[in-house]
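Here the sequence shown is numbered in my numbering, starting from 21 and rising by one per residue.
The C-beta atom is built at its ideal place from N, Cα and C for all residues, glycine as well.
All of these numbers come straight from a predicted model, not from anything done at the bench.
Beneath this line is the structure, given in structure tokens, with notes to follow.
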Amino acid sequence: MREFHLIDASPFVFRAYFSLPTTMVDTSGRPANAVHGYASFLLRYLETEKPTHIAVAFDESLTTSFRNEIYPAYKAQRDLPPADLEAQFDDCRELTEAMGLTTFADLKYEADDFIATLVHRFRGDGNRFVVVSPDKDLAQLVSSAVTLFDFAKERRFGPEEVKVKFGVTPEQIADLLGLMGDAVDNIPGVKGIGAKTAVALLDAFGSLDALLEGLERVPALPIRGAKGIAVKLEASREIALLSRRLATVSIDAPAAVGPDALRLREPDRVRLEPLLARLGLGMVRRWGWGPT
Numbered sequence: 021m022r023e024f025h026l027i028d029a030s031p032f033v034f035r036a037y038f039s040l041p042t043t044m045v046d047t048s049g050r051p052a053n054a055v056h057g058y059a060s061f062l063l064r065y066l067e068t069e070k071p072t073h074i075a076v077a078f079d080e081s082l083t084t085s086f087r088n089e090i091y092p093a094y095k096a097q098r099d100l101p102p103a104d105l106e107a108q109f110d111d112c113r114e115l116t117e118a119m120g121l122t123t124f125a126d127l128k129y130e131a132d133d134f135i136a137t138l139v140h141r142f143r144g145d146g147n148r149f150v151v152v153s154p155d156k157d158l159a160q161l162v163s164s165a166v167t168l169f170d171f172a173k174e175r176r177f178g179p180e181e182v183k184v185k186f187g188v189t190p191e192q193i194a195d196l197l198g199l200m201g202d203a204v205d206n207i208p209g210v211k212g213i214g215a216k217t218a219v220a221l222l223d224a225f226g227s228l229d230a231l232l233e234g235l236e237r238v239p240a241l242p243i244r245g246a247k248g249i250a251v252k253l254e255a256s257r258e259i260a261l262l263s264r265r266l267a268t269v270s271i272d273a274p275a276a277v278g279p280d281a282l283r284l285r286e287p288d289r290v291r292l293e294p295l296l297a298r299l300g301l302g303m304v305r306r307w308g309w310g311p312t
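Here it is as structure tokens:
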């Protein structure tokens with residue numbers, strides 16, 4: 021039995037970039053605020069959680085995911101990261117690897133997909149998983165063996181907590197997003213159906229598939245505007261199914277590794293020393309991760 025800690029890096033890098041001053045620079049005078057904030061998070065996580073098996077997944081691009089091939093407008097409303105942040109993502113990944121953690125990134129698959137793939141790959145044998153992210157999409161992975169951990173808010177979500185927060189079970193999260201959409205990722209959903217209605221529909225039918233197969237029963241539901249909802253669903257079948265597909269994490273990301281590949285290694289001190297010097301990351305040395 022192993023416990024795998026799977027970190028979704030991007031939210032922590034973005035949070036650091038927008039919360040710390042750009043006056044934090046490396047030896048070349050380039051902003052290093054995101055790296056400093058991310059390093060602080062990573063060190064605190066390693067110290068408090070003491071994982072033996074851990075991986076960190078990064079998002080490589082906003083425009084090249086397989087989801088963009090399915091739906092070109094996916095995440096199209098988002099601005100590309102500023103150039104000074106883009107460079108810091110590379111530094112964050114290099115730092116992570118030099119500290120002895122395994123990382124994953126790909127132009128076609130997102131961090132969520134790598135996390136889902138690793139959970140799928142290593143499930144069973146009594147293994148447990150801690151998925152470290154504030155992203156609601158990853159709630160669909162939660163089970164008796166998988167906990168979603170919002171580290172910044174110190175909140176852990178098992179199946180019951182997911183039900184309380186979202187009104188649906190983890191297995192219904194993708195269906196929920198298929199109905200209501202997700203403005204953050206520009207997933208359309210069914211126009212006119214919000215979270216409350218989507219939850220009520222899934223409570224009544226159990227799944228999006230069952231709902232679409234039983235639309236004739238929708239007008240009789242004790243939901244405000246039920247007749248109109250049935251009409252909207254009939255007209256938006258394909259949109260609902262497309263939206264669910266966009267919201268569903270993939271288990272096909274290129275992560276053909278064994279469990280020992282995620283074992284926390286000794287830092288690569290030859291690689292780490294010049295990196296710490298360039299970035300001014302004295303905190304890493306103080307925590308005992310730097311060169312001796």
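Check: Spatially closest choice to Phe78 from Gly144, Arg64, Tyr65, Val152, by CA coordinates; Outcome: Val152
Check: Residue ranges of each beta strand (DSSP E) within the segment 107 to 150, 3 or longer; Outcome: 122 to 124
Check: Secondary structure, alpha helix (DSSP H): runs of 4+ residues fully inside the segment 209 to 234; Outcome: 215 to 225, 228 to 233
Check: Rounded straight-line distance, which links the Cα of Ala297 to that of Lys173; Outcome: 31 Å
Check: contact_flag[the segment 188 to 207, the segment 251 to 266] where n(CB pairs < 8 Å) is 3 or more; Outcome: yes
Check: Straight-line gap, Glu80 to Phe142 (C-alpha atoms, nearest Å); Outcome: 24 Å
Check: Residue interval of the alpha helix (DSSP H) (run including Glu174); Outcome: No alpha helix (DSSP H) contains Glu174, which DSSP labels as neither H nor E.
Check: Strand pairing of Thr167, partner residues [DSSP]; Outcome: Val150
Check: Same chain only: Cβ atoms within 7 Å of Asp46, ignoring 5 sequence neighbours per side; Outcome: Ala52, Arg298, Leu299, Gly300
Check: Stretch pair the segment 211 to 222 + the segment 184 to 193: three plus CB contacts closer than 8 Å; Outcome: yes
Check: Length of the line joining the Cα atoms of Ser30 and Ile249; Outcome: 36 Å
Check: Extent of the continuous alpha helix (DSSP H) to which Arg193 belongs; Outcome: The amino acid occupying residue 193 in the given sequence is Ile; Arg does not appear at that position. Note, Ile193: alpha helix (DSSP H), 193 to 200.
Check: Backbone secondary structure at Arg257 - three-state DSSP; Outcome: helix
Check: Element boundaries [alpha helix (DSSP H), containing Val55]; Outcome: 53 to 69
Check: Proximal residues to Pro311 (C-beta, below 7 Å), its chain only, five neighbours per side dropped; Outcome: Residue placement at Pro311 is flagged as unreliable, the pLDDT there being 46, under the threshold of 50; the coordinate-derived value follows with that caveat. Taken in chain order, the residues that qualify are Arg289, Leu292, Glu293.
Check: Status (buried if at least 16 other CB within 10 Å, exposed otherwise) for Phe32; Outcome: buried
Check: Residue of Ala36, Val269, Val182, Leu228 minimising C-alpha distance to Ser163; Outcome: Val182
Check: Identified DSSP bridge partners for Glu23; Outcome: Arg148
Check: N-terminal and C-terminal residue of the beta strand (DSSP E) that Ile271 is part of; Outcome: Where Ile271 is concerned, there is no enclosing beta strand (DSSP E), given that its DSSP letter is neither H nor E.
Check: Distance between Ala220 and Ile243 (C-alpha atoms, nearest Å); Outcome: 8 Å
Check: Cβ-based burial, Ala59 [other Cβ within 10 Å; buried from 16]; Outcome: buried
Check: Cβ neighbour criterion (16 or more within 10 Å) applied to Asp205; Outcome: buried
Check: Buried or exposed (CB count within 10 angstroms, at least 16 for buried), Leu26; Outcome: buried
Check: Beta bridge counterpart(s) of Arg264 as assigned by DSSP; Outcome: Arg264 is not bridged to any residue.
Check: Straight-line gap, Arg237 to Leu66 (C-alpha atoms, nearest Å); Outcome: 51 Å
Check: Among Phe171, Ala230, Arg87, the one whose alpha carbon lies nearest that of Asp195; Outcome: Ala230
Check: Rounded separation between Pro83 and Ala96 - CA only; Outcome: In the sequence as presented, Pro is not what sits at residue 83; that position holds Thr. Their Cα atoms are separated by approximately 8 Å.
Check: Which residues DSSP lists as bridging Ile207, in chain order; Outcome: Asp202
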